[in-house]
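Colleague:
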Amino acid sequence: MHSEKSETLMLDYGTYAIFEGLDGVGKTTVMKNVAKALPSKLGVDEFPIQLTHHPGATPLGAHLRKLTKYPEQIDPDITMDELSRQLLFMVDTVSFVNTVLTPALNDGQSIFSDRSSFISAIVYGTASGLDLAQVNQMFQLIRPPKADRLYILNCPWEVARSRMGKMTDKELDYYERKSHEFYNKVESIYNDLITGPPERTVMVNHSVALDNVIYVDATLPLDAVVNIIADDLVEIIKSKTAVLSK
Numbered sequence: 012m013h014s015e016k017s018e019t020l021m022l023d024y025g026t027y028a029i030f031e032g033l034d035g036v037g038k039t040t041v042m043k044n045v046a047k048a049l050p051s052k053l054g055v056d057e058f059p060i061q062l063t064h065h066p067g068a069t070p071l072g073a074h075l076r077k078l079t080k081y082p083e084q085i086d087p088d089i090t091m092d093e094l095s096r097q098l099l100f101m102v103d104t105v106s107f108v109n110t111v112l113t114p115a116l117n118d119g120q121s122i123f124s125d126r127s128s129f130i131s132a133i134v135y136g137t138a139s140g141l142d143l144a145q146v147n148q149m150f151q152l153i154r155p156p157k158a159d160r161l162y163i164l165n166c167p168w169e170v171a172r173s174r175m176g177k178m179t180d181k182e183l184d185y186y187e188r189k190s191h192e193f194y195n196k197v198e199s200i201y202n203d204l205i206t207g208p209p210e211r212t213v214m215v216n217h218s219v220a221l222d223n224v225i226y227v228d229a230t231l232p233l234d235a236v237v238n239i240i241a242d243d244l245v246e247i248i249k250s251k252t253a254v255l256s257k
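Using the working numbering, you'd call the opening residue of the sequence shown number 12 and step up by one each time.
1) Is it a yes or a no for the segment 33-50 touching the segment 136-151, going by three-plus beta-carbon pairs under 8 Å?
2) Return the bridge partner residues of Q61 from the DSSP annotation.
3) DSSP three-state call for V45: helix, strand or coil?
4) Going by DSSP, what residue range makes up the alpha helix (DSSP H) through L71?
5) Assess contact between the segment 54-72 and the segment 118-135, defined as three or more Cβ pairs (one per stretch) separated by less than 8 Å. Is contact present?
6) Classify P114 as buried or exposed, calling it buried when 16 or more other Cβ atoms lie within 10 Å of its own Cβ.
7) Taking buried to mean at least 16 other C-beta atoms within 10 Å of its own C-beta, is I163 buried or exposed?
8) Checking the sheet assignment: what are the DSSP bridge partners for N165?
9) What span of residues does the alpha helix (DSSP H) with I200 cover, start to end?
10) Spatial neighbours of F100 within its chain, please: CB distance less than 8 Å, with the 5 preceding and 5 following residues excluded, ordered by chain position.
11) Report all residues from its chain with a CB closer than 7 Å to the CB of I205; omit the five preceding and five following residues, and keep chain order.
12) Whose C-alpha, out of Q97, S95, D103 and L152, is nearest the C-alpha of G72?
13) Is the distance from the Cβ of P70 to the Cβ of V108 below 8 Å?
14) Go ahead and pull the three-state DSSP assignment for G136.
15) Who does R160 pair with in a DSSP beta bridge?
16) With a threshold of 16 other CB atoms inside 10 Å of the CB of G25, please say whether the residue is buried or exposed.
17) Once DSSP output is grouped into helix, strand and coil, what is the label at I85?
18) Measuring alpha carbon to alpha carbon, tell me which residue in I247, T39 and T230 is nearest S173.
19) Kindly give me the distance between the Cβ atoms of V237 and L53, rounded to whole angstroms, as I take these residues to be in contact under 8 Å.
20) Could you name the residues of the same chain whose beta carbon sits closer than 7 Å to that of L98, not counting the 5 residues immediately before and after it, in chain order?
21) Using the rule of at least 16 other Cβ atoms within 10 Å of the residue's Cβ for burial, across every protein chain shown, is D88 buried or exposed?
22) Going by CA-CA distance only, name the one from A68, K47 and R126 that's closest to S106.
23) Less than 8 Å between the C-beta atoms of V45 and A241, yes or no?
24) Could you check what DSSP says for A241 in three-state terms: helix, strand or coil?
25) Measuring alpha carbon to alpha carbon, tell me which of K77, R160 and E57 ends up nearest I8.
26) Return the chain-ordered list of same chain residues with a C-beta closer than 7 Å to the C-beta of V197, the five sequence neighbours on each side being excluded.
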């Protein structure tokens with residue numbers, strides 16, 4: 012009786028991709044579907060990818076996620092200014108970089124990230140009133156491995172909000188309760204992320220080379236969005252030293 016053999020693509024150094032965009036734009040759905048599509052596009056049976064989300068990619072981060080996004084569930088008397096919230100997000104990121112991301116990439120594993128606290132701090136932090144200098148000070152805490160790609164899922168706020176459906180106040184997190192005016196600012200910053208103030212582009216480059224920031228039209232059908240990203244990642248993965256394991 013013969014056992015079936017499977018092929019798995021093994022890399023000397025892993026692939027790291029970040030998925031960013033407005034709340035409701037479909038980051039998680041797109042990320043999961045890209046991960047599912049990659050093995051067949053690469054011509055292998057398996058291509059393991061660790062899917063992460065921020066905050067919350069580590070045991071510590073799971074608690075920080077609740078504290079920063081749903082503080083009233085811990086204590087209704089908790090009040091939190093934006094700098095404190097962003098600093099807690101950065102604690103999650105330090106834990107993620109040190110305990111998950113760096114070891115995985117060094118081991119040839121691939122990581123997909125639903126948000127990066129570095130990019131989200133630039134966008135959501137400044138839209139909430141922080142200045143770039145404050146955000147940049149946080150960036151000095153740690154220098155993460157640079158992502159191979161930062162995919163910004165581009166979508167008007169009105170469309171993204173409609174995709175979120177009807178949610179109760181209890182279901183909405185801290186940012187999802189924000190006003191249309193706030194999200195118009197967020198949308199504007201995303202759209203101008205690599206063409207805006209030089210100090211901001213320098214900060215983006217902390218996480219990913221500007222040439223590796225890719226805007227994808229998230230109003231396209233899901234299959235089209237997934238194919239655009241998966242086809243791009245195939246080229247990146249194939250460019251890395253790899254062997255087939257059977």
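Glycine is no exception: its CB is placed at the ideal position from the N, C-alpha and C atoms. Predicted model only: the values in this text are computed from it and were never measured.
Modeller: According to the structure shown:
1) At 8 Å Cβ cutoff, the stretches do not touch.
2) I122
3) helix
4) P70 to K80
5) yes
6) exposed
7) buried
8) D228
9) H191 to N202
10) Closer than 8 Å at Cβ, skipping near neighbours: H65, P66, L75, T79, S128, S131 and A132.
11) T212, V215, L221 and V224
12) D103
13) no
14) helix
15) A28
16) In the assembly as shown, G25 is a buried residue. Its beta-carbon has 16 or more other beta-carbons within 10 Å.
17) coil
18) T230
19) Wrong, their Cβ atoms sit about 14 Å apart, outside the cutoff.
20) Here the set comprises M149.
21) exposed
22) A68
23) yes
24) helix
25) Shown here, the chain extends from 12 to 257; a query on residue 8 therefore has no answer.
26) L33, V134, Y135 and A138
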